[in-house]
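Here the protein sequences come in this chain order: A and B. Take 1 as the starting number for the first sequence in my numbering and just add one per residue. Take 1001 as the starting number for the second sequence in my numbering and just add one per residue. Glycine is no exception: its CB is placed at the ideal position from the N, C-alpha and C atoms. Keep in mind it's a predicted model, so treat the numbers as computed, not measured.
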Amino acid sequence: NAGVTQTPKFQVLKTGQSMTLQCAQDMNHNSMYWYRQDPGMGLRLIYYSASEGTTDKGEVPNGYNVSRLNKREFSLRLESAAPSQTSVYFCALNGRGGWGYTFGSGTRLTVV
Amino acid sequence: AQKVTQAQTEISVVEKEDVTLDCVYETRDTTYYLFWYKQPPSGELVFLIRRNSFDEQNEISGRYSWNFQKSTSSFNFTITASQVVDSAVYFCALSENQGGSEKLVFGKGMKLTVNP
């Protein structure tokens, strides 16, 4: 999706391994988000960042950490992956006033 | 806390049928935004519509129409004369400003299958 780049697109991890999902934008938006999508659960907010250097927990933050070191990038880290973290992860951006949320193309993560 | 309910989890119709996807939301705020997204089998999220809480006008875009009723906290989506390409998962979502931050909350989605 234009403006939001997520990497990697696919990943398989073994239980206990760590990894970082990367999200980068070129839309100069302040707010960035990480969601996970599981069957029958919709998209649930993991963490969000209203601006560079700030982060807040969403609905399902356990097992994750995030980092927003600059305006462009918002990374999601799994320190010790668990099978329950098998999911599709989406990064999103938002301009002011809920005007428009732009989503990345997603990362499909499998933890075995 | 904000909440979005899509009571229907899955619907199957035959091509050319009309279908309505229900969405009911809860929020304490007076200013909020409602969205519909489409997720085709390829997996990306496709933006369909955004509506702010002060605009209750219904909207029509081709075969798609939306009915926003604040009195019942509903934002329903109708596809007229459905086509196979409409087969997807559809999400209703609510964006609200909490503590200075906008957050988007999704319903659980409704899978629509349109059969030829």
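Pairwise C-alpha distance: residue j and residue i
i	j	result
proline 1116/B	isoleucine 1079/B	16 Å
lysine 169/A	valine 1085/B	No answer is possible for residue 169/A: the residues shown for chain A start at 1 and end at 112.
glycine 1062/B	phenylalanine 1075/B	18 Å
valine 12/A	glutamate 1096/B	35 Å
threonine 107/A	serine 1073/B	33 Å
lysine 1070/B	phenylalanine 1054/B	9 Å
tyrosine 48/A	isoleucine 1011/B	32 Å
glutamine 1039/B	valine 1004/B	17 Å
glutamate 1015/B	aspartate 38/A	28 Å
leucine 109/A	tyrosine 1090/B	22 Å
glutamine 17/A	valine 60/A	20 Å
leucine 21/A	arginine 72/A	14 Å
glutamine 1008/B	glutamate 52/A	39 Å
leucine 78/A	tyrosine 1025/B	32 Å
tyrosine 64/A	isoleucine 46/A	8 Å
aspartate 1022/B	asparagine 1058/B	15 Å
arginine 44/A	histidine 29/A	21 Å
Proximal residues of chain B, C-beta to C-beta of residue i below 8 Å
i	result
serine 31/A	Ser1101 and Glu1102
methionine 27/A	Simply none; closest approach about 14 Å.
serine 105/A	Gly1043 and Glu1044
Per-residue burial, residue i [other beta carbons within 10 Å of its own, 16 or more giving buried]
i	result
lysine 1103/B	buried
lysine 1108/B	buried
methionine 1110/B	buried
valine 112/A	exposed
alanine 1081/B	exposed
glycine 40/A	exposed
Contacting residues, own chain, Cβ-Cβ under 6 Å from residue i (five flanking each side not counted)
i	result
tyrosine 101/A	Ala92 and Asn94
alanine 24/A	Thr5, Arg72 and Glu73
Partners in chain A for residue i, counting only beta-carbon separations shorter than 9 Å
i	result
phenylalanine 1068/B	Result: empty, since nearest Cβ-Cβ is about 15 Å, beyond 9 Å.
phenylalanine 1091/B	Gly42 and Leu43
Where residue i meets chain A, residues with beta-carbon distance less than 7 Å
i	result
lysine 1108/B	Gly40, Met41 and Gly42
Residue from the options with nearest C-alpha to residue i
i	options	result
phenylalanine 10/A	Tyr1064/B, Gly1043/B, Glu1026/B and Gln1006/B	Gly1043/B
phenylalanine 90/A	Phe103/A, Met41/A, Phe74/A and Ser80/A	Phe103/A
tyrosine 1064/B	Leu1048/B, Pro1041/B and Gln1006/B	Leu1048/B
valine 1101/B	Val66/A, Met19/A, Leu69/A and Ser31/A	In the sequence as presented, valine is not what sits at residue 1101/B; that position holds serine. Nearest option by C-alpha distance: Ser31/A.
cysteine 1092/B	Val1046/B, Gln1057/B, Pro1041/B and Thr1030/B	Val1046/B
valine 1019/B	Tyr1032/B, Trp1066/B, Thr1031/B and Thr1030/B	Trp1066/B
Chain-ordered neighbours of residue i on chain B, where CB pairs are closer than 9 Å
i	result
tyrosine 64/A	The premise fails here: tyrosine 64/A is roughly 16 Å from chain B at the closest Cβ pair, so nothing lies under 9 Å.
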